[in-house]
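Chains A and B supply the protein sequences, listed in that same order. Residues 1 to 751 in the UniProt record's numbering are what the first sequence lists, from first letter to last. Residues 1 to 351 in the UniProt record's numbering are what the second sequence lists, from first letter to last. Here the structure comes first, spelled out in structure tokens, and everything after it is commentary.
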Amino acid sequence: MPELSLTSAPAHLRHGSNIGQPLTRRDGILKVKGQATYAADNHPAGMLFAVMAVSSIARGRVTSLDVDAAKRHPGVVDVMTPDRRPQLAIDPEIKTNPFVFRIEVLQSDEVRYANQPIAVVIAVTLEAATEGAALLAPRYETLSARVGLDAGDSFVPPVVGVGNPAENHRGDVEAGLASAEKRIEATYETPPQYHNAMEPHAIVAVWDGDSLSIDMPTQGLMLSVARIAELFGIAPDKIRIRSPFLGGGFGSKGLMAGPPVLGIMAAKLVGKPVKLVLRREQMYGPVGHRAPTRQRLRMGTDGEGRLTALDHHARTVSSTFDDFYEPAADASHTLYASPAIRTSHDAVRVDTGTPLFMRAPGEATGSIALESAIDEMAWACGIDPLAFRLKNYAEVEPITGKPFSSKALRACYEQGAARFGWARRSLQPRQMRDDAGLLVGWGIGTATFPALMFQAEARAAIRRDGSGAMEIGAHDMGQGAWTALAQIAADGLGLDIDRVAFKAGTSDLPDAGIAGGSAHTATAGAAIHSAGAAVIAKLADLATNDERSPLFGAGNAGVIARDGRLFRRDDESRGESYAEILARAGLAEVEARGTGAPNPAAMEEYAMHAHGAVFAEVKVDPELGQIRVTRMVGAFAAGRIVNPHLVKSQLFGGMIWGMSFALHEEAITDRRSGRIMNANLGEYHIPVNADVPPLDVITVEEHDPHVNALGIKGVGEIGITGSAGAVANAVWHATGVRVRRFPIKIEELLT
Amino acid sequence: MKPFDYVRPATVAEAVAAAAQPGATYLAAGTNLLDLMKGGVSRPDLLVDVTHLKGLDRIEPLADGGLRIGALVRNADLAHDEDFARSYPAVAEALLSGASAQLRNAATVGGNLLQRTRCAYFYDTASRCNKREAGSGCDARDGENRTHAVLGWSESCIATHPSDFCVPLVALDAIVEIEGRKGRREIALDGLHRLPADTPERDSALEPGDLIVAVRLPPAARGFAAHARYLKVRERTSYAFAVVSAAAALQIENGRIKEARLALGGVAAKPWRARGAEDVLKGAAPDAAVFQQAAQRALTEAKPSGDNAFKIELARRIVARALTLAAAGTPARMPALPASPFASTSGAIHA
Chain A
1 MPELSLTSAP AHLRHGSNIG QPLTRRDGIL KVKGQATYAA DNHPAGMLFA VMAVSSIARG
61 RVTSLDVDAA KRHPGVVDVM TPDRRPQLAI DPEIKTNPFV FRIEVLQSDE VRYANQPIAV
121 VIAVTLEAAT EGAALLAPRY ETLSARVGLD AGDSFVPPVV GVGNPAENHR GDVEAGLASA
181 EKRIEATYET PPQYHNAMEP HAIVAVWDGD SLSIDMPTQG LMLSVARIAE LFGIAPDKIR
241 IRSPFLGGGF GSKGLMAGPP VLGIMAAKLV GKPVKLVLRR EQMYGPVGHR APTRQRLRMG
301 TDGEGRLTAL DHHARTVSST FDDFYEPAAD ASHTLYASPA IRTSHDAVRV DTGTPLFMRA
361 PGEATGSIAL ESAIDEMAWA CGIDPLAFRL KNYAEVEPIT GKPFSSKALR ACYEQGAARF
421 GWARRSLQPR QMRDDAGLLV GWGIGTATFP ALMFQAEARA AIRRDGSGAM EIGAHDMGQG
481 AWTALAQIAA DGLGLDIDRV AFKAGTSDLP DAGIAGGSAH TATAGAAIHS AGAAVIAKLA
541 DLATNDERSP LFGAGNAGVI ARDGRLFRRD DESRGESYAE ILARAGLAEV EARGTGAPNP
601 AAMEEYAMHA HGAVFAEVKV DPELGQIRVT RMVGAFAAGR IVNPHLVKSQ LFGGMIWGMS
661 FALHEEAITD RRSGRIMNAN LGEYHIPVNA DVPPLDVITV EEHDPHVNAL GIKGVGEIGI
721 TGSAGAVANA VWHATGVRVR RFPIKIEELL T
Chain B
1 MKPFDYVRPA TVAEAVAAAA QPGATYLAAG TNLLDLMKGG VSRPDLLVDV THLKGLDRIE
61 PLADGGLRIG ALVRNADLAH DEDFARSYPA VAEALLSGAS AQLRNAATVG GNLLQRTRCA
121 YFYDTASRCN KREAGSGCDA RDGENRTHAV LGWSESCIAT HPSDFCVPLV ALDAIVEIEG
181 RKGRREIALD GLHRLPADTP ERDSALEPGD LIVAVRLPPA ARGFAAHARY LKVRERTSYA
241 FAVVSAAAAL QIENGRIKEA RLALGGVAAK PWRARGAEDV LKGAAPDAAV FQQAAQRALT
301 EAKPSGDNAF KIELARRIVA RALTLAAAGT PARMPALPAS PFASTSGAIH A
């Protein structure tokens, strides 16, 4: 791949800072011209194509594969099976750390879910490999599949999500319910969902001796390097991954899944570069998904409509061979003040690939149930659902009692409601109609997502020509990291963005941490910020200790960096350019590293979350049950907004996904075979453009001095929360029918 | 993929001869066939590409007042032909409610008629399907079948025909012109698609080698232009097949329905002409009561084939609504969201 050359930004309005500018994405022109090189666009010389054969049963054993038939097919070079594959350095069943999940890399003939890889055919063309895989004609010993939320005995998982307790208590829920004036109890179901990133998982792997070069989309370069190193028994510094662009990840490209490992094994087996790209239907199994849930909520209120108890129980599923539990009930920890809260989970094991992180794991599933239940509670009290939410506004984090590091949710409610015109809403459902006689409903949902931080490192340099460089192995999943992080880098270096060479997206750069948990801009941004400060400090040392410099002796007063110059803080008429300082010092460049990490003391003291309020309008045909979302307004407070343009797009995407959650998305699983019957983009419905209404996003001003040095909370996932519930609540308000199984279907509204 | 031969015949006769061989199949735009081949559902030995045949891409008004549509006319070109849309508005509306803009730009008239069912068990080669493999069984019957047939199904197959285009066409008595080994013949579109009975593997009345060369609308079809609508309930606004749809076309004279045409989509293995309901409507005043009566009549023989009882009630309501819309008059302009219950929604982005 040629050195990535980003187009320079057009002449945007500048107000002295790069952060806060609505720059269009700097890689946009490359992308629209088809010049952005995604992993599968790479074709090293001599490359072969690998295609996975996947199991058609959900549980059992492969008893035979017609390897000879596959090998006889013209163009087929080799067939990788459990009997013929490179040895791995460690058993892939061993979980070496909590972020390692079990993968299927032909370690046995066991089948543990449908679409599990059972062989890999390597050929000179994609077509030959594809036909070779079909010719394997596997035979199976089939056991009955365990499917659905009632597939077997339930158990309480040791932890849910990433190390969260399965149960949490505060106060006495039963007493709170017993003393309540009004009570509701309701059970909601959410279906299995699949990430369906536009770009399927793909890898091009090239071995050179024991060195390995990989093109692969990943949300976690260094985690991938570490996992590959241990699986193949090679040193991490022998591995180089290039991941300049991802066509979406949404959590499914965070951790090494089985298929890319198979690509590396295939390359090793045949001793040539190999490309392996998943077919769409092969993404419904080995690369994670959002588990289904059944959630029971119980709530009570006093005579004033204040919650006395909130009980949220979630049933979910995991695979039969590994543990990931969608922490759906945890959504009730942070939003509504209640003297008694209990959240709990149980689970059953089913014959699927292991569910994993999918955009707002836990928060999204939990949010639609919680927001629906809060709406039901408000209705039971005869109170407007926004007024009810304000009445139960949490001034401190309900489950812990900790103060919030910042929380502008009240402003979100106010600004969102004003923009939407919420005050004109009828309290009763099925009261509003449009001119055409369609039912109109308005709904609200509160959005929330934790403000997380991981660990990252960055390297900064100032060069003799006065330009700067910033290097960090950050990941652009489409969210705009190439742009937003470069903005932070430019400010950190005191330079215009066009004077900064920003490098990211490869594993030989400093570790940027994982691009997940909505924490990438905050984490990588903090490292960049600190590296920038460190290199400026070095430059300042050079100047302030050099008596030839106008800044000599300014050490105590301090200097500030701006526009490629250092100035005395107490006398801005005294300063000089970076280039002058380095020239005088005879240096080609100065460099420094910086890190970003969570602040344990602040985390101990404060609850840290982004918040938002989403308002939705739907129209429903009263006889036909067809639903259409006609308007959405989302107001979000997520700390500092690095790039308002990109943030708005992120929030739009989240809101659309929330609408999709409420109305469209569902993996339909055959209850007998455990096979997913709509594993394609034609039948796994997500909204099309014609379904998406005008969307309005308000970013509410919020300053948070505690979350991190830059005050960034992250916006990657919060948009889906709140939105799904707002749409569901609007459907109720339009029709008077409370649908508790998602997605809401036409037949539910044929009253 | 399975290797296959590919020929591009120069004449219809050559095409018919090539396609009559075992393992051969016609290729037009391939919007359905290529997916079937990629999924291993269809594994032909020979593709007979008909897209270069001359003279099959014309829309020709006939002397008798009818219209002949060449089999290779693209769906989008037909829908956007002004004369066509004015004369047969429900057909144009149905076309524009089908698939996506990209698919409509490619898909042909003949291909639309012959598209295969979207039953998930037909597409899933690991499932049993009598249509895909005769006599293998039907996994849809006790499977995930909320969108399956409620009319004309059998124990061996509960699949539906997915076309929108065919629904108003069958209502308007469209005729299919076929070239075969024994020369040219024509059949009513209503006779093209077969109900499954015991042989669901046969979708249509076509014999090996038969090539649809044109679809013809008889002169009478124009007579409904003032009162013709297509209505489609679906799970998203574009790129989704009908849960249930209906085409309704009326001739109203002196406050009475002189002639009525009604057909349903998404309910059976063929576009479902509801002649009994047409009889109910004929001669009646176009009011809500008779539309309800017609709706009841149209679904008299319906029965659920699985978790799809709701489709019967939904179909009744769609019929009543489609008739109401048709009676109100064809809109002067194609709605922004064709065939949608939200067709009149202002400011909608075109589907």
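Think of the CB as a built atom: it goes at the ideal place given N, C-alpha and C, for glycine as much as any other residue. Note that this is a predicted model, so its numbers are computed, not measured.
Backbone CA spacing between residue i and residue j [nearest angstrom]
i, j, result
"L192 of chain B", "P644 of chain A", "57 Å"
"P327 of chain A", "F552 of chain A", "57 Å"
"G654 of chain A", "F636 of chain A", "12 Å"
"V167 of chain B", "Q479 of chain A", "43 Å"
"P10 of chain A", "R433 of chain A", "Only weak support exists for where P10 of chain A lies, its pLDDT of 36 falling under 50; the value from the coordinates is given anyway. Each residue's alpha carbon lies about 46 Å from the other."
"A489 of chain A", "I472 of chain A", "10 Å"
"V290 of chain B", "N254 of chain B", "16 Å"
"H169 of chain A", "I399 of chain A", "8 Å"
"D5 of chain B", "G183 of chain B", "25 Å"
"N97 of chain A", "S224 of chain A", "13 Å"
"A373 of chain A", "I184 of chain A", "8 Å"
Reference residue i, options the options, closest by Cα
i, options, result
"L750 of chain A", "B:D139, B:R316 and B:S204", "B:R316"
"R499 of chain A", "A:P510, A:D508, A:S507 and A:A486", "A:A486"
"T117 of chain B", "B:N75, B:S42, B:A90 and B:A302", "B:S42"
"V715 of chain A", "A:E748, A:A515, A:E397 and A:W732", "A:A515"
"residue 356 of chain B", "B:F310, B:A188 and B:Q251", "Since the first residue shown for chain B is 1 and the last is 351, residue 356 of chain B is missing from the structure and cannot be characterised."
"F165 of chain B", "B:Q292, B:R229, B:D49 and B:S156", "B:R229"
"W153 of chain B", "B:P338, B:R333, B:L314 and B:N308", "B:N308"
"S518 of chain A", "A:A601, A:R675, A:F357 and A:I374", "A:F357"
"V350 of chain A", "A:M377, A:P200 and A:R112", "A:R112"
"I497 of chain A", "A:D511, A:G564, A:D546 and A:A451", "A:G564"
"E60 of chain B", "B:V213, B:E179 and B:Y121", "B:V213"
"I718 of chain A", "A:L136, A:D691, A:A226 and A:W657", "A:W657"
"R85 of chain A", "A:S55, A:S64 and A:V121", "A:V121"
"L582 of chain A", "A:M608, A:A616, A:D541 and A:E572", "A:D541"
Chain-order list of residues whose beta-carbon lies under 6 Å from that of residue i (same chain, five-residue window excluded)
i, result
"A106 of chain B", "A29 and T31"
"E3 of chain A", "Any answer about E3 of chain A is weak, because its pLDDT of 46 lies below 50 and its placement is not dependable; what the coordinates show is given next. There are no such residues."
"residue 779 of chain A", "Outside the shown range of chain A (1 to 751) lies residue 779 of chain A, about which nothing can therefore be said."
"K232 of chain B", "S97, A242, S245 and A339"
"D302 of chain A", "E181 and T308"
"T523 of chain A", "M453, F454, A456, G513 and G596"
Neighbour-count burial assignment, residue i, 16 or more Cβ in a 10 Å radius
i, result
"L169 of chain B", "buried"
"I744 of chain A", "buried"
"T11 of chain B", "exposed"
"M198 of chain A", "exposed"
"V274 of chain A", "buried"
"D704 of chain A", "buried"
"L143 of chain A", "exposed"
"Q21 of chain B", "exposed"
Proximal residues to residue i (C-beta, below 8 Å), its chain only, five neighbours per side dropped
i, result
"P157 of chain A", "A166, S318, D323, Y325, H345, D346 and A347"
Where the beta strand (DSSP E) containing residue i begins and where it ends
i, result
"F324 of chain A", "Run containing F324 of chain A: none; DSSP gives neither H nor E here."
"A441 of chain A", "Going by the sequence as given, residue 441 of chain A is Gly instead of Ala. From DSSP, the beta strand (DSSP E) with G441 of chain A extends over L439 to P450."
"N168 of chain A", "N168 to R170"
"I187 of chain B", "G183 to A188"
"P117 of chain A", "P117 to A123"
"S530 of chain A", "Where S530 of chain A is concerned, there is no enclosing beta strand (DSSP E), although the alpha helix (DSSP H) it sits in stretches over H520 to T544."
"P61 of chain B", "I59 to P61"
N-terminal and C-terminal residue of the alpha helix (DSSP H) that residue i is part of
i, result
"G366 of chain A", "E363 to C381"
"A337 of chain A", "Premise fails: A337 of chain A is in no alpha helix (DSSP H) and is neither H nor E."
"A387 of chain A", "P385 to K391"
"G639 of chain A", "It is not in any alpha helix (DSSP H) - G639 of chain A carries neither H nor E in the DSSP assignment."
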